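Each remark here refers to the structure printed beneath this line.
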Amino acid sequence: MYQLLRNILFLLEAEQAHYFSMNLLKAVCKIPPVKALIKKLFSVSGDSLSKEIFGLHFRNSLGLGAGFDKNAVYLNELETLGFGFVEIGTVTPLPQAGNEKPRLFRIPSDKALINRMGFNNDGVEVIKERLSIYKMGRGLPAGQAGTMPACRTGRDNGQGTMIIGGNIGKNKITPNEEAWKDYLICFNELFDVVDYFVVNVSSPNTPGLRALQEKDALLEILQKLQDNNQSRKNPKPLLLKIAPDVTSEQLMDIAAICKEVKLDGLVSSNTTIDRNALSKFNQQKASQIGAGGLSGKPLKDKSDAVLSELIHLTNGNIPIIASGGVFTKKDYQDKIDKGAAMVQVWTGFIYEGPGIVRKILSAQ
Ligand SMILES: Cc1cc2nc3c(=O)[nH]c(=O)nc-3n(C[C@H](O)[C@H](O)[C@H](O)COP(=O)(O)O)c2cc1C
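Numbering (my numbering), first residue to last: 1382 to 1745.
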């Protein structure tokens, strides 16, 4: 069924198809019986799926990666599809338009995407407002969301609710030396409306951003955030998202920084700038597409390798949310077997459709 819908959606330009399909889902979810049916068809339930990580209760360990719902517009709908957690963002202090379109490209024969979105987002103020509204309605039956002022926050979330991660970044115009200020602004603004934070220094689409993965720059940002975090009554889990293209030396630095700053976890990995895992034909196609991060099937082995190395370097002491090339139950299980605490999908959701949570998490 989704195959047919996907063929139609793939006739549209990729970014247009994204918003068209999510807006369609949002519209049909406004009809309570339809929403209930979608939930019944696609979500999974059961206490055996739940997990406690970073002091948070996750209803299941499959989440949606950052960049899918950058502006926190589709959270109720994504909750209906059964995701255990969704990472909103990357959010920057000021709204920004991102790179020129087209900036998202499909490579169907390799089940891949290339994107150079460039942190297009509505800015932290607007996104904070949306998240407050979402949190107010959390856990209420369809149709009543957003009507009750009772607000659950952070580690106090009730069973069954979807966890929200806040993925934060810097504006393009902010020089790297002042990047920490942008991260701190986003951290402060979103503190009451997300459950955990992810510091993104690994997107290939903001010029110079990945230089922040170097030891000194990274330490400055993370230490400032952690100092602020630890000065609060109930600190939030603080994670770092890394690129799969880092050197072994950088990975060692990252493992050391995790200990030094007492990070709660890592997200590994972001998209890659390496195109070698694409088929020969698609490598040519990809070079015509131009710059951008590659995700999906061709990222799987590389992100798995980085995951294994990180588990080794941290002695498995730091929970890792694994991201990169997850389409099937086996892909998911590979990451868990390598030591991942939780798993995220993104490109797999585009190719496999709304049934991906059930497909991956339901018993054989
Ligand atoms: C179109 C697109 C936009 C993305 N935007 C972000 C982003 O804003 N911040 C971020 O940390 N990761 C972003 N990502 C990376 C994903 O969260 C994920 O880590 C990556 O795509 C690898 O997973 P996948 O192979 O399952 O897609 C984006 C990915 C795609 C395809």
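Don't be surprised by glycine CBs; every beta carbon is placed ideally from N, CA and C. The structure presented is a predicted model; accordingly, all values stated were derived computationally and were not measured.
Asked                                                                                                                                                                    : Found
Exposed or buried, what is S1650 when buried is set at 16 or more other beta-carbons lying within 10 Å of its beta-carbon?                                               : buried
How many Å lie between T1728 and K1605 at the Cα?                                                                                                                        : 33 Å
Using the rule of at least 16 other Cβ atoms within 10 Å of the residue's Cβ for burial, across every protein chain shown, is D1597 buried or exposed?                   : exposed
Please name the residue, chosen from G1465, P1413, E1460 and I1419, that lies closest to L1437 on a Cα-to-Cα basis.                                                      : G1465
For E1630 and F1391, I'd like the C-alpha separation in whole angstroms.                                                                                                 : 40 Å
The alpha helix (DSSP H) spanning R1487 covers which residue range?                                                                                                      : Not the alpha helix (DSSP H): R1487 falls in the beta strand (DSSP E), residues L1485 to I1488.
For S1622 and N1581, which I take to be in contact (beta-carbon distance under 8 Å), what is that distance rounded to the nearest angstrom?                              : It should be noted that the sequence gives Lys, not Ser, for residue 1622. The Cβ separation is near 5 Å, so the contact holds.
Based on DSSP bridge pairs, tell me the residues matched to G1438.                                                                                                       : The identity of residue 1438 in the sequence shown is His, whereas the question assumes Gly. In the DSSP output, where bridge partners are listed per residue, H1438 has E1433.
Of the residues E1570, P1483, T1555 and N1609, which one's Cα is nearest the Cα of L1593?                                                                                : T1555
Could you tell me the boundaries of the beta strand (DSSP E) in which A1672 lies?                                                                                        : Run containing A1672: none; DSSP gives neither H nor E here.
What whole-angstrom Cβ distance do F1435 and D1645 have, given they're in contact under 8 Å?                                                                             : 5 Å
Quick check: does the Cβ of F1449 come within less than 8 Å of any heavy atom belonging to ligand 1?                                                                     : yes
Is the closest heavy atom of ligand 1 to the C-beta of L1688 under 8 Å?                                                                                                  : no
Once DSSP output is grouped into helix, strand and coil, what is the label at N1663?                                                                                     : helix
If we ignore side chains and look at the alpha-carbon of each, how far apart do N1657 and K1666 end up?                                                                  : 12 Å
Give the single residue among N1441, G1673 and S1513 whose Cα lies nearest to the Cα of Q1725.                                                                           : N1441
Determine the extent of the alpha helix (DSSP H) in which L1680 is found, giving its start and end residues.                                                             : Unbroken run through L1680: none, as it is neither H nor E.
Just the C-alpha distance for T1587 and N1480, rounded to the nearest angstrom, thanks.                                                                                  : 9 Å
Under 6 Å Cβ to Cβ from E1601, same chain only, skipping five residues before and after it: list those, please.                                                          : W1561
For a quick check, are the C-beta atoms of D1563 and I1545 less than 9 Å apart?                                                                                          : no
Does DSSP put T1461 in a helix, a strand or coil?                                                                                                                        : helix
Keeping to the same chain, check which residues put their C-beta closer than 7 Å to that of G1535; ignore five residues upstream and five downstream.                    : Because G1535 sits at a pLDDT of 38, beneath the cut-off of 50, its placement in the model cannot be relied upon, and the point is left open.
Identify whether A1636 lies in helix, strand or coil by the three-state DSSP scheme.                                                                                     : helix
Can you find a heavy atom of ligand 1 that lies under 8 Å from the Cβ of K1622?                                                                                          : yes
Excluding the five sequence neighbours on either side, which residues of its own chain have a C-beta within less than 6 Å of the C-beta of D1634, listed in chain order? : K1596
Looking at L1742 and G1705, is the spacing between their C-beta atoms short of 9 Å?                                                                                      : no
What residues match up with G1646 in a beta bridge as DSSP calls it?                                                                                                     : L1620
Tell me which residues share the same chain as L1694 and place their Cβ nearer than 7 Å to its Cβ, disregarding the 5 neighbours each side in the sequence.              : L1632, M1633 and A1636
For A1672, which residues from the same chain have a beta carbon less than 7 Å from its beta carbon, with the 5 sequence-adjacent residues on both sides left out?       : R1497
With DSSP as the reference, identify every bridge partner of L1494, one or two as the case may be.                                                                       : R1487 and S1676
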